[in-house]
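These protein sequence lines map, in sequence, to chains A and B. Numbering-wise, the first sequence is residues 45 to 367 according to the numbering used here. Numbering-wise, the second sequence is residues 45 to 367 according to the numbering used here. C-beta: ideal position from N, C-alpha, C; glycine also. First comes the structure, then the notes that go with it.
There are 2 protein chains.
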Amino acid sequence: MIIDKLRNTIKKYGLISRLDKILIAVSGGPDSVALLYLLNGLKEEFKLNLHIAHLDHMLRPDSCKDAEFVKGLASRLKIPLTTIQIDVRELASRGSLEEVARNVRLDFLFKLAREIKADKIALGHNLDDQAETVLMRILRGTGLYGLSGILPKRNIDGYQIIRPLIEARRRDIEAFLRQKKVKPCLDPSNKEDIYFRNKIRNKLLPLLEKEYNKNIKEVLSNMAESAGYDYDYLSHIAGIAAKRLGPKIHLDKFLKLHPAVQRLVLRLHIARLKGNTRRIVFQHIREIEDLILNRPSGSVVDLPKGISVIKKKKKLSFYRSQN
Amino acid sequence: MIIDKLRNTIKKYGLISRLDKILIAVSGGPDSVALLYLLNGLKEEFKLNLHIAHLDHMLRPDSCKDAEFVKGLASRLKIPLTTIQIDVRELASRGSLEEVARNVRLDFLFKLAREIKADKIALGHNLDDQAETVLMRILRGTGLYGLSGILPKRNIDGYQIIRPLIEARRRDIEAFLRQKKVKPCLDPSNKEDIYFRNKIRNKLLPLLEKEYNKNIKEVLSNMAESAGYDYDYLSHIAGIAAKRLGPKIHLDKFLKLHPAVQRLVLRLHIARLKGNTRRIVFQHIREIEDLILNRPSGSVVDLPKGISVIKKKKKLSFYRSQN
Numbered sequence: 045m046i047i048d049k050l051r052n053t054i055k056k057y058g059l060i061s062r063l064d065k066i067l068i069a070v071s072g073g074p075d076s077v078a079l080l081y082l083l084n085g086l087k088e089e090f091k092l093n094l095h096i097a098h099l100d101h102m103l104r105p106d107s108c109k110d111a112e113f114v115k116g117l118a119s120r121l122k123i124p125l126t127t128i129q130i131d132v133r134e135l136a137s138r139g140s141l142e143e144v145a146r147n148v149r150l151d152f153l154f155k156l157a158r159e160i161k162a163d164k165i166a167l168g169h170n171l172d173d174q175a176e177t178v179l180m181r182i183l184r185g186t187g188l189y190g191l192s193g194i195l196p197k198r199n200i201d202g203y204q205i206i207r208p209l210i211e212a213r214r215r216d217i218e219a220f221l222r223q224k225k226v227k228p229c230l231d232p233s234n235k236e237d238i239y240f241r242n243k244i245r246n247k248l249l250p251l252l253e254k255e256y257n258k259n260i261k262e263v264l265s266n267m268a269e270s271a272g273y274d275y276d277y278l279s280h281i282a283g284i285a286a287k288r289l290g291p292k293i294h295l296d297k298f299l300k301l302h303p304a305v306q307r308l309v310l311r312l313h314i315a316r317l318k319g320n321t322r323r324i325v326f327q328h329i330r331e332i333e334d335l336i337l338n339r340p341s342g343s344v345v346d347l348p349k350g351i352s353v354i355k356k357k358k359k360l361s362f363y364r365s366q367n
Numbered sequence: 045m046i047i048d049k050l051r052n053t054i055k056k057y058g059l060i061s062r063l064d065k066i067l068i069a070v071s072g073g074p075d076s077v078a079l080l081y082l083l084n085g086l087k088e089e090f091k092l093n094l095h096i097a098h099l100d101h102m103l104r105p106d107s108c109k110d111a112e113f114v115k116g117l118a119s120r121l122k123i124p125l126t127t128i129q130i131d132v133r134e135l136a137s138r139g140s141l142e143e144v145a146r147n148v149r150l151d152f153l154f155k156l157a158r159e160i161k162a163d164k165i166a167l168g169h170n171l172d173d174q175a176e177t178v179l180m181r182i183l184r185g186t187g188l189y190g191l192s193g194i195l196p197k198r199n200i201d202g203y204q205i206i207r208p209l210i211e212a213r214r215r216d217i218e219a220f221l222r223q224k225k226v227k228p229c230l231d232p233s234n235k236e237d238i239y240f241r242n243k244i245r246n247k248l249l250p251l252l253e254k255e256y257n258k259n260i261k262e263v264l265s266n267m268a269e270s271a272g273y274d275y276d277y278l279s280h281i282a283g284i285a286a287k288r289l290g291p292k293i294h295l296d297k298f299l300k301l302h303p304a305v306q307r308l309v310l311r312l313h314i315a316r317l318k319g320n321t322r323r324i325v326f327q328h329i330r331e332i333e334d335l336i337l338n339r340p341s342g343s344v345v346d347l348p349k350g351i352s353v354i355k356k357k358k359k360l361s362f363y364r365s366q367n
């Protein structure tokens with residue numbers, strides 16, 4: 045039963061506490077609608093205070109029907125709703141559509157969460173999304189952080205994001221909705237890298253399930269869980285080390301750290317300037333290591349998004365070279 | 045150039061020191077023959093003392109031709125050779141052929157290494173083997189340890205195993221041999237899980253290269269390198285924790301450890317009894333965690349290969365329940 049799965053995930057990661065005020069992002073697609081019903085089912089038990097957020101990103105001609113559908117849900121379940129309409133495509137003249145849509149969505153959620161004083165923001169990602177994400181990252185190249193996939197619980201800019209459905213299969217979510225006789229909208233295209241992801245979802249994962257391991261999705265999800273714990277521990281250690289080393293990294297001290305911790309310290313410095321380490325691949329880290337070990341004082345390595353790193357007199361510093 | 049790749053790997057992992065006595069396992073296949081030629085080329089520079097080991101496992105009707113071929117190489121390069129003939133199939137009445145072949149081979153190498161007082165045992169695995177191994181483990185389900193793949197340097201029972209070709213592509217190894225005008229024997233079937241591995245080698249990896257990422261093998265190899273460092277660090281921390289907790293694990297203290305370290309401590313205890321953690325999958329660890337958190341005192345969990353674990357009065361102990 046999906047509700048048991050949900051309870052188990054909530055308990056394992058400590059996702060929900062009594063009296064939490066939770067902002068649920070409801071697109072109208074199956075995942076978020078199921079999440080809404082399920083959290084509504086736990087409302088009494090946890091004394092939850094729920095609030096729905098819906099962003100009409102105007103990407104599909106029928107997207108306002110999604111908004112109508114979500115309004116209907118909110119009034120049926122008697123849960124307050126905030127909607128907003130933003131023409132994402134118009135905004136996306138700069139940058140990729142997916143990235144802009146993602147940022148607009150997070151922005152809206154964070155602002156609303158602050159306004160209504162929500163403790164948590166709940167998103168509807170499921171185990172199938174998790175498997176796709178992890179596989180996508182493996183195919184493109186990744187390390188422990190990427191292998192952690194979609195985290196069940198995460199702090200972004202002081203907001204706690206929770207994903208209670210991250211261990212539930214898409215098919216079980218759909219079965220739950222059928223049984224509830226709820227017909228959700230189409231899954232909206234608010235996921236990044238739609239083309240590559242769809243190829244993995246519709247071609248590669250079915251092939252792997254058929255030919256290599258019928259439990260491939262569970263197996264990838266378990267790997268993500270395990271990598272998530274490992275990353276959490278290592279990044280904690282690296283955070284302490286980075287603080288001790290200071291913003292200008294003393295290379296003599298740095299090189300005494302374990303190589304695993306060294307690499308994470310470099311990533312933390314990049315994330316501090318860039319907000320995240322997306323687009324930072326293995327080769328970048330290797331180039332910084334080459335800078336540290338083999339290049340003369342004064343040498344610079346340029347990284348994506350206008351971040352650079354310079355080695356000077358046995359010290360390494362990261363800085364913004366452009367915007 | 046493959047020799048630059050080799051030097052780079054040797055330097056990065058500290059595989060070879062001056063005056064090393066190295067036992068090279070030469071099956072007669074491309075990898076081990078290339079390794080022999082390449083190490084022979086570094087002989088003067090590192091003042092190496094080389095010795096060849098060849099095991100005729102009698103698995104193929106023509107396997108004695110491999111032995112003749114290796115004898116020819118040894119006399120041409122003037123490197124001492126020790127060969128042995130063992131009917132692996134006869135021995136394999138108990139257990140799987142691959143596992144028996146693997147154990148016989150390691151046994152022979154370890155005994156010979158001790159006899160001739162070798163510092164290191166060199167094996168010929170390459171980057172393509174690495175990619176296959178990592179992908180195979182991902183498909184079957186694995187954690188950080190499995191993701192580390194084939195380690196470039198490893199201690200087994202006090203013997204140092206080195207794999208100087210682990211970052212070299214199979215095609216570059218073959219090109220090197222063509223250029224040297226050396227015609228190796230067929231790659232012998234001394235690898236585990238031949239059927240599954242061959243399917244991955246001949247079907248899945250070519251598909252992934254063509255449709256998803258042409259550098260998929262390098263990307264998997266980089267991931268293995270990175271996971272290898274992370275695992276090394278975490279297992280070091282877990283080793284210290286396991287020592288402090290003692291053979292009967294005080295659960296109150298255990299539960300104060302970070303979950304990532306907890307899981308590795310459990311694996312270390314299993315490895316201590318079983319020699320390794322092969323066949324221990326995610327579900328086993330999860331079951332032990334359930335034992336710790338939810339089951340009454342006196343409960344037992346049975347693991348593969350006759351290992352059991354019992355919870356008694358807030359203590360956890362692993363023991364051999366059968367042989």
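How is residue i classed by DSSP in three states: helix, strand or coil?
i                       : result
tyrosine 203 (chain B)  : strand
arginine 198 (chain B)  : strand
threonine 177 (chain A) : helix
glutamine 366 (chain B) : coil
histidine 382 (chain A) : Nothing can be reported for residue 382 (chain A), as the shown portion of chain A is limited to 45 through 367.
leucine 398 (chain A)   : Given a span of 45 to 367 for chain A in the structure shown, any question on residue 398 (chain A) remains unanswerable.
leucine 271 (chain B)   : Going by the sequence as given, residue 271 (chain B) is alanine instead of leucine. Residue state, collapsed to three classes: helix.
serine 119 (chain B)    : helix
aspartate 110 (chain A) : helix
histidine 101 (chain B) : coil
aspartate 375 (chain A) : The question about residue 375 (chain A) has no answer here: the residues shown for chain A are numbered 45 through 367.
valine 263 (chain A)    : helix
leucine 209 (chain A)   : coil
isoleucine 60 (chain A) : coil
Mind checking residue i: buried by the 16 CB within 10 Å criterion, or exposed?
i                       : result
glutamine 366 (chain A) : exposed
glycine 58 (chain A)    : exposed
aspartate 296 (chain B) : exposed
leucine 223 (chain A)   : According to the sequence shown, residue 223 (chain A) is glutamine rather than leucine. Counting Cβ neighbours within 10 Å, glutamine 223 (chain A) comes out exposed, since fewer than 16 surround it.
glycine 72 (chain B)    : buried
lysine 363 (chain B)    : Looking at the sequence shown, residue 363 (chain B) is not lysine but tyrosine. Classification of tyrosine 363 (chain B): exposed, given that the 10 Å Cβ count is below 16.
proline 124 (chain B)   : exposed
Can you grab the Cα-Cα spacing for the pair residue i / residue j, in whole Å?
i                        : j                           : result
cysteine 229 (chain B)   : aspartate 100 (chain B)     : 13 Å
glycine 190 (chain B)    : arginine 181 (chain B)      : 6 Å
isoleucine 351 (chain A) : leucine 317 (chain A)       : 7 Å
lysine 49 (chain B)      : phenylalanine 326 (chain A) : 18 Å
leucine 92 (chain B)     : isoleucine 336 (chain A)    : 31 Å
isoleucine 128 (chain A) : asparagine 266 (chain A)    : 36 Å
valine 345 (chain B)     : lysine 355 (chain B)        : 9 Å
lysine 243 (chain B)     : glycine 319 (chain A)       : 41 Å
leucine 83 (chain B)     : phenylalanine 152 (chain B) : 21 Å
leucine 183 (chain B)    : glutamate 255 (chain A)     : 10 Å
asparagine 234 (chain A) : threonine 177 (chain A)     : Reliability fails at asparagine 234 (chain A), whose pLDDT of 47 lies under 50, so the model's placement of it is uncertain and the value that follows must be treated cautiously. If I take the Cα positions, the gap works out to 14 Å.
aspartate 274 (chain B)  : leucine 278 (chain A)       : 8 Å
alanine 219 (chain A)    : glutamine 306 (chain B)     : 36 Å
leucine 171 (chain A)    : methionine 45 (chain A)     : 15 Å
methionine 102 (chain B) : valine 132 (chain B)        : 7 Å
aspartate 75 (chain B)   : glutamate 143 (chain A)     : 45 Å
aspartate 216 (chain A)  : isoleucine 194 (chain A)    : 19 Å
lysine 164 (chain B)     : proline 291 (chain A)       : 42 Å
alanine 282 (chain B)    : alanine 271 (chain A)       : 16 Å
glutamate 262 (chain A)  : leucine 86 (chain A)        : 25 Å
alanine 69 (chain A)     : asparagine 199 (chain A)    : 16 Å
What residues are listed by DSSP as bridge partners for residue i?
i                        : result
lysine 224 (chain B)     : None; lysine 224 (chain B) has no bridge partner.
asparagine 257 (chain B) : None, per the DSSP bridge assignment.
alanine 69 (chain B)     : B:Ala97
glutamine 327 (chain B)  : Partner(s): none; glutamine 327 (chain B) has no beta bridge.
histidine 294 (chain A)  : A:Lys359
Subject >> Members of the stretch 187 to 198 of chain B near chain A, C-beta cut-off 7 Å >> reply: Look at the stretch 187 to 198 of chain B: the residues with a C-beta under 7 Å from a C-beta of chain A are Gly187 and Leu188.
Original post:
If you measure beta-carbon to beta-carbon, which residues of the stretch 172 to 187 of chain A are closer than 8 Å to chain B?
Top reply: Of all residues in the stretch 172 to 187 of chain A, Ile182, Leu183, Arg184, Gly185, Thr186 and Gly187 have a Cβ within less than 8 Å of some Cβ in chain B.
**OP:** Mind checking the stretch 296 to 312 of chain B against chain A and listing, in chain order, the residues whose C-beta falls within less than 8 Å of any C-beta there?
**Re:** Cβ contacts with chain A: His302, Pro303, Ala304, Val305 and Arg307.
**OP:** Below 9 Å between beta carbons is the criterion; list the residues of the stretch 238 to 259 of chain A that meet it against any residue of chain B, in chain order.
**Re:** Going along the stretch 238 to 259 of chain A in chain order, one finds Phe240, Lys243, Ile244, Lys247, Leu248, Leu251, Leu252, Glu255, Tyr256, Asn257 and Asn259 with a Cβ nearer than 9 Å to chain B.
Original post:
Going along the chain, which residues of the stretch 311 to 334 of chain A sit with their C-beta nearer than 7 Å to a C-beta in chain B?
Top reply: Residues of the stretch 311 to 334 of chain A whose Cβ lies closer than 7 Å to any Cβ of chain B, in chain order: Phe326.
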